[in-house]
Every structure is written in C-alpha cells, then in structure tokens.
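Peer 1: Structure provided below as structure tokens; questions to follow.
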Amino acid sequence: MELVREFRDSSRVNILKEKLEGFAFKNEVKIMEVCGTHTMQIHRFGIHQMLPENVKLISGPGCPVCVTENSYIDHAIELARAGFTITTFGDMIRVPGSYSSLEKVRAEGGDVHVVYSPMDSLELAQRSGKEVIFLAIGFETTAPTIGATVKKAKELELENFSILAGNKLVPPALKVLVEDRNLGVNGFLLPGHVSVIIGMRPYEFITEYGVPGVISGFEPVDIISSIVLLLEMIEKGEARIINNYKRAVRDGGNPTAQRIIQEVFEPVDSEWRGLGWMEGSGLGLREEYSEFDAEKRFQVDVPPPREHPGCRCGDVLKGIINPPECPLFGKVCTPENPVGPCMVSSEGSCSAWYKYG
Amino acid sequence: MCLAVPMKLIKKEGDKGIVLSMGVEREVSLALLPEAEIGDWVIVHAGFAIERMDEEEARESLKLLEEMWSS
C-alpha cells in the first residue's frame, strides 16, 4: 500500500526524533509495550536509542506464544503422542514445554502440521478423515478467526475437528500490570491489531489509575509518534486513551468479530507465564460448542508441569528484567538453541534483544 | 503473532475473497468483514480480513502529525 510508505519516511522519523529529544523528565518514566510485534519493531528500528533521558521502554506480556503456560504445551504434546493430528500456528512448534516440544514429537513420528489459517485445519480434517485438533492460542486479533472456524465446523457438521482452547485476553492482563506498584508503569503503548477487534473502550479503565494509553500501528512513524503522544500526556499529568492508528482501528472495533467471539467463547480464568492465574483472562468454548472442545472430548495423562531451570522468561514478560539480565541469555539460551519461549518466538523479547540488541 | 498485512481485495464471492499480496493472489475469508468491497485495502491476519485500511484516515493522521511537529 502506497500510504504505508509514508509511515516509514525517514524525514518524518527524524522530525519525530527531535521532538522526542525535547522532553526532559526528572524521574524515571516507564512505558510498556504490550504487543510482541511492537517489541520486534522497536528493536528493529533502534527506538530504545532515540529515547530521552529517564524514559524507559519495557516489554510486557505481548507475545501469545510466550505467555502460553507449559501445561498447555504439555497437553498438546500428549495429544500428539496419543495419535491425534495436531494443527498449529508456526510460532508454537519449537516452544519447549516441560519435557519436550511439538517439533521433537513430530520428529518422533507425531502428526503435527503448521497451518497459516485455522481454516486450513478444517480442510485437513475433511481430506484426511483423521481426528484433527487445532491449538487455539493468540489474543483478540486471532480469537475471532478461530471462532469463525469453529462456527464453520458446526455448519459443516464436522465430527473430527476440535480445538484445544487457550486464547487469552489483553485487558485483564493490563489490569494486573497497571495495579502492580512495584512495576510502576506510567503509560501503555497499546496493541494495534488487538484494538482493530476490540476498539478503544476496553482500555478506558487504565485511565482511572492515572495512566494513559496510546493505540499504535507498527511503522516507525506510528510507534515514535505514539511515544511522543504518551510523553506529552505524562508531562501534563493527563490520562486518556488515544487512537493513533485510525487507518486501521475504528473506535468501536470490529463488531462482526466481537459478535463471533461472544457467540463461540466465554471468558474463563487462565494461567499466563510470568503473571500466573488471572480472572477472566482466557477464552473457553461455550456449552453450545462443547463438541469442539478437545479437552472435554479426549482424555490424556499430562505429567505435572515444571519450569526450565534458570529461565527468567516470566520476569521478562512482566517487565521486571530486561533479557540480558537473565543469566542464560546469549550463553546457553540463543535463538538456535532456545531454553525458554521468549527466545523461541521471533517476537519474544529475548529473541528481539538477541537479534537487534 | 498479531502480525497483519494490508492487501488489496480483487475478487469477492460470498464470504470468500481473493487478495493480491505482493503480486500473488491469495484466498482470504471475509467472515469477519462481510462489508469489504472489491478495491478495498483489507488487513489480513491468519487468512481472514479483519478490517479495512482507511486511506482517508491515513492521510488525516499524516496531516495531524505535521501539525504536531510544526507547533
């Protein structure tokens, strides 16, 4: 798209950089980005180096693969070992569970397929006749695509398709983060494509804590201008939600997608790596769609989960430490040989730090 | 994982569409964006069009930015 280039334009970036340099803060200001794609882009464009003194960008739990708890991955692995066909987004395949990964299980003969769209699983189920289980992970951006797939399966009366429900919701995690006084976030860079679906309203509550938020796109001009908007509000002591990605995000979000999420799923308590159990922070299938719930349909023994010794992915996800502060970072844990999920996923903080510094 | 890319919608049939992605035709589902019209730039995530990219708003944002730094 022609216009996208305008948001990468270096003269615009330079002017915004100057604008950034004009800020002066006596105390530390912490801005958290809660989208893995933002994390990746921030490192790629060297935005950390452009920040004024005392302003720090910290990464939050914005990578769905990274926040997926070990017990979920272990469950998927046992389903694959039991002979079910597993379909998954590519990001998941190398993520280590407690004892193995889907990639290793596939090498041992497990039937594990990477799909681009959840819809591809339906085609595979129809074609192969095998019992196909899709690993439903991702935030609000992804949830409606999975919801639409489940609806389609119902329409087609497909009996050999189900999902392992594991989708997560961003606002409940923001609530835990904004309430964490030790963390002390002063502003949030809000996820653009999650917002495409949910709109602005679900973020309003963070302003009640005196913390502003800016919905941002992913080009350099988007991200830097969003940081400028946040710093302006922080300087003035204002707390509002600003939509700075209007070309993609309607204030009310995408109502069709919201309706599909509502129809197929209901909020359930969910466990996040690093943040623990959070009320209403996940999506489970509604009773009317329980025939597509792999967890209800198939019983497998899942061994008790364990954490990777020494891996501080959880603290990285909460913004408590930066990846280089982890003793494993760059030594035993690298993208070629990852110990934890934050290094596996290309949008994990550890991977972004390793690649771009 | 929330990566989503604008692509031009060139065909539409029911809840299926064809988009052009770097010169290559690709099928997308329009189940989440039934109002999409041929010629629209749509944002595609996991094989679904999830929203229209609004060129008017894009120009407006660039204009606002220019006002911001000229002040």
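Protein chains in written order, with my numbering: chain A, 1 to 357; chain B, 1 to 71. Glycine included, every Cβ here is placed at the ideal spot set by N, Cα and C.
By the DSSP assignment, the beta strand (DSSP E) with A/L158 in it spans what residues?
Peer 2: Careful: A/L158 lies outside any beta strand (DSSP E) and carries neither H nor E.
Peer 1: Measure the beta-carbon distance from A/M40 to A/A352 and round it to whole angstroms, keeping in mind my assumption that it falls under 8 Å.
Peer 2: Yes, they are in contact, since the Cβ atoms of A/M40 and A/A352 sit about 5 Å apart, within 8 Å.
Peer 1: Let me see if you follow: with CB-CB separation under 7 Å, is B/G47 close to chain A or not?
Peer 2: Chain A contact via Cβ: present.
Peer 1: Report the three-state DSSP secondary structure of A/P172 (helix, strand or coil).
Peer 2: Looking at A/P172 - three-state DSSP - the assignment turns out to be helix.
Peer 1: Using 7 Å as the limit for Cβ to Cβ distance, is B/I18 near chain A?
Peer 2: Closer than 7 Å: no.
Peer 1: Could you tell me which chain B residues have their CB closer than 8 Å to the CB of A/N27, listed as they occur along the chain?
Peer 2: By Cβ distance, chain B contributes nothing, its closest Cβ being about 25 Å from A/N27, past 8 Å.
Peer 1: Would you please verify whether the beta carbon of A/S128 is less than 7 Å from any beta carbon of chain B?
Peer 2: No, because no Cβ of chain B sits closer than 7 Å to the Cβ of A/S128.
Peer 1: Does A/R247 come within less than 7 Å of chain B when only Cβ atoms are used?
Peer 2: Output row for A/R247: interface = yes.
Peer 1: Would you say A/D269 reaches chain B, if we count a Cβ-Cβ gap shorter than 7 Å as a contact?
Peer 2: Chain B contact via Cβ: absent.
Peer 1: Pull up the distance between the alpha-carbon of A/R44 and that of A/F329, whole angstroms please.
Peer 2: Each residue's alpha carbon lies about 19 Å from the other.
Peer 1: Which one or two residues does DSSP pair with A/I242 in a beta bridge?
Peer 2: BP columns for A/I242 point to A/V214.
Peer 1: Counting only beta-carbon separations shorter than 7 Å, does B/D40 have a partner in chain A?
Peer 2: No, no contact with chain A.
Peer 1: Under three-state DSSP, which class holds A/P341?
Peer 2: A/P341 falls in the helix class under three-state DSSP.
Peer 1: Does the count of Cβ pairs from the region 281-300 of chain A and the region 315-327 of chain A closer than 8 Å reach three?
Peer 2: Counting Cβ pairs under 8 Å, fewer than three are found: no touch.
Peer 1: Buried or exposed: where does A/A107 fall if 16 or more other Cβ atoms within 10 Å of its Cβ makes it buried?
Peer 2: A/A107 is exposed by the Cβ-count criterion.
Peer 1: Please confirm if B/E13 has its CB atom under 7 Å from at least one CB of chain A.
Peer 2: Cβ-Cβ to chain A under 7 Å: no for B/E13.
Peer 1: From which residue to which residue does the beta strand (DSSP E) around A/S59 run?
Peer 2: Residues 55-59.
Peer 1: For A/Y99, does the count of other Cβ atoms within 10 angstroms reach 16, so buried, or fall short, so exposed?
Peer 2: With fewer than 16 other Cβ atoms within 10 Å, it is exposed.
Peer 1: Just how far apart, CA to CA, sit A/F25 and B/E67?
Peer 2: Their Cα atoms are separated by approximately 24 Å.
Peer 1: Closest Cβ-Cβ distance between B/A36 and chain A: below 7 Å?
Peer 2: No, no contact with chain A.
Peer 1: If the cut is a Cβ gap below 7 Å, which residues of chain B does A/K19 touch?
Peer 2: Correct list: W69.
Peer 1: Would the beta-carbon of A/N70 fall within 7 Å of that of A/P220?
Peer 2: The answer is no: Cβ separation not under 7 Å.
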